[in-house]
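> Just so you know, the protein sequences line up as chains A and B, in that order.
Adding 500 to a residue's 1-based position in the first sequence gives its number in the working numbering.
One point on numbering: in the working numbering, the residue at position 75 of the second sequence is 63, and numbering is uninterrupted.
Heads up, the beta-carbon is just placed ideally off N, CA and C, and yes, glycines get one too.
None of these values were measured; they are calculated from a predicted model.
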Amino acid sequence: MTTEFTPWLSMIGGILIGLSAVILMATNGRIAGMTGILGGVLPPLEVDWVWRAIFLLGCVIPAILLKALGHAPEVAFPMSNTAIAIGGLIVGIGASYGSGCTSGHGICGLARFSKRSAVATVTFMLATFITVFVIRHMIGA
Amino acid sequence: MKNASALLAGLVFGLGIVLSGMGNPAKVINFFDVAGTFDPSLIFVMAGGMLTAMAGYALVFRKLKRPLYDSQFNVPTAKKIDTALVAGSAAFGVGWGISGFCPGGSIPVLGLGDSRIFIFVVAMGLGLFFAKALKAGVFDLAKA
Chain A
501 MTTEFTPWLS
511 MIGGILIGLS
521 AVILMATNGR
531 IAGMTGILGG
541 VLPPLEVDWV
551 WRAIFLLGCV
561 IPAILLKALG
571 HAPEVAFPMS
581 NTAIAIGGLI
591 VGIGASYGSG
601 CTSGHGICGL
611 ARFSKRSAVA
621 TVTFMLATFI
631 TVFVIRHMIG
641 A
Chain B
-11 MKNASALLAG
-1 LVFGLGIVLS
9 GMGNPAKVIN
19 FFDVAGTFDP
29 SLIFVMAGGM
39 LTAMAGYALV
49 FRKLKRPLYD
59 SQFNVPTAKK
69 IDTALVAGSA
79 AFGVGWGISG
89 FCPGGSIPVL
99 GLGDSRIFIF
109 VVAMGLGLFF
119 AKALKAGVFD
129 LAKA
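1) Does the beta-carbon distance from Val126(B) to Gly514(A) come in below 7 angstroms?
2) Taking Leu569(A) as the reference, which of Phe20(B), Lys(-10)(B), Met112(B), Leu100(B) has the closest Cα?
3) Whose CA, out of Ser8(B), Ile86(B), Met112(B), Phe89(B), lies closest to the CA of Trp508(A)?
4) Would the region 112 to 125 of chain B count as touching the region 538 to 547 of chain A if we require 3 or more Cβ pairs under 8 angstroms?
5) From the beta carbon of Val48(B), is the nearest beta carbon of chain A less than 7 angstroms away?
6) For the alpha helix (DSSP H) that Ala75(B) lies in, which residues bound it at each end?
7) Starting from Met638(A), find everything on chain B with Cβ-Cβ shorter than 7 angstroms and list it in chain order.
8) For the region 590 to 616 of chain A, list the beta strand (DSSP E) runs that are entirely contained and at least 3 residues long, ordered along the chain.
9) Taking 7 angstroms as the CB-CB cut-off, is Lys(-10)(B) touching chain A?
10) Measure the Cβ-Cβ separation of Pro13(B) and Phe89(B) and say whether it is below 7 angstroms.
11) Taking 7 angstroms as the threshold (beta carbon to beta carbon), is Phe117(B) in contact with chain A?
12) If we call anything under 7 angstroms between Cβ atoms a contact, is Met38(B) one with Ile607(A)?
13) Go to Pro573(A), then tell me how far its alpha helix (DSSP H) extends in each direction, as first and last residue.
14) Within the 7 angstroms Cβ cut-off, does Gly645(A) reach chain B?
15) Tell whether a beta-carbon distance below 7 angstroms holds between Cys559(A) and Gly93(B).
16) Return the first residue and the last residue of the alpha helix (DSSP H) that Thr527(A) is part of.
17) Measure the Cβ-Cβ separation of Ile554(A) and Asn(-9)(B) and say whether it is below 7 angstroms.
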């Protein structure tokens, strides 16, 4: 399944993700990392779960609005539902033990020159690359 | 105000993810499929996001003694490169490679009503919950 190369749109999207991190740091003094924010609204709730839930609410609104306006973003899955479920479970466990994901380590952590985030980012990028290579070109799924 | 700023940050994050293509597993997988249907778009997401945050953080930490709506900056203080960090990150990468979704990519598209997004988010939520409980020692019944 090929996808269109969208350098400008992707860069604008990236800049907005970075801007969100800056807003959250300047106002609430927090890292805009999805793993950390999500973890706090799962039981047992963190004491400051309210702003986290509100951040998550804000996250889902743009796609809903775009869809209502007839510009639903493309979401395609070149894999089975079983793979989606297994992948999700591993993502949850891994990101929790790794203390972050693409947003927390890859954007916020690198932006504040954290050595842990640099190690985490290189590790997960490499692991993802190898996983995709094995699935696509060795197993051939 | 703390909640209003969290809402604004969430809206901007969600819009960024949707525009960038990080919420589209096909596009994410293609970024990593250098030997196949390669789509380099996501390097522009990472670069745009990181450089913006880098410049913005530098400005925030230089100009502000504390955040506007809280008494102090709450940033991670851990410095040690430990097994949990490396093994956890490696596992996260494997899961990302299998499903094409990372946590930040999946939540913003949740409202589109595609059942496969729900499958991912529920499975990820279970993983996060399970790991959190494990770390908190919930399952250490033998020690109790």
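From the atom records:
1) no
2) Leu100(B)
3) Ser8(B)
4) yes
5) yes
6) 71 to 87
7) Going along chain B, no residue has its Cβ under 7 angstroms from Met638(A), so there is no contact; the nearest lies around 10 angstroms.
8) none
9) yes
10) yes
11) yes
12) yes
13) It is not in any alpha helix (DSSP H) - Pro573(A) carries neither H nor E in the DSSP assignment.
14) Any property of residue 645(A) remains undetermined from this structure, which presents chain A solely from 501 to 641.
15) no
16) 507 to 528
17) yes
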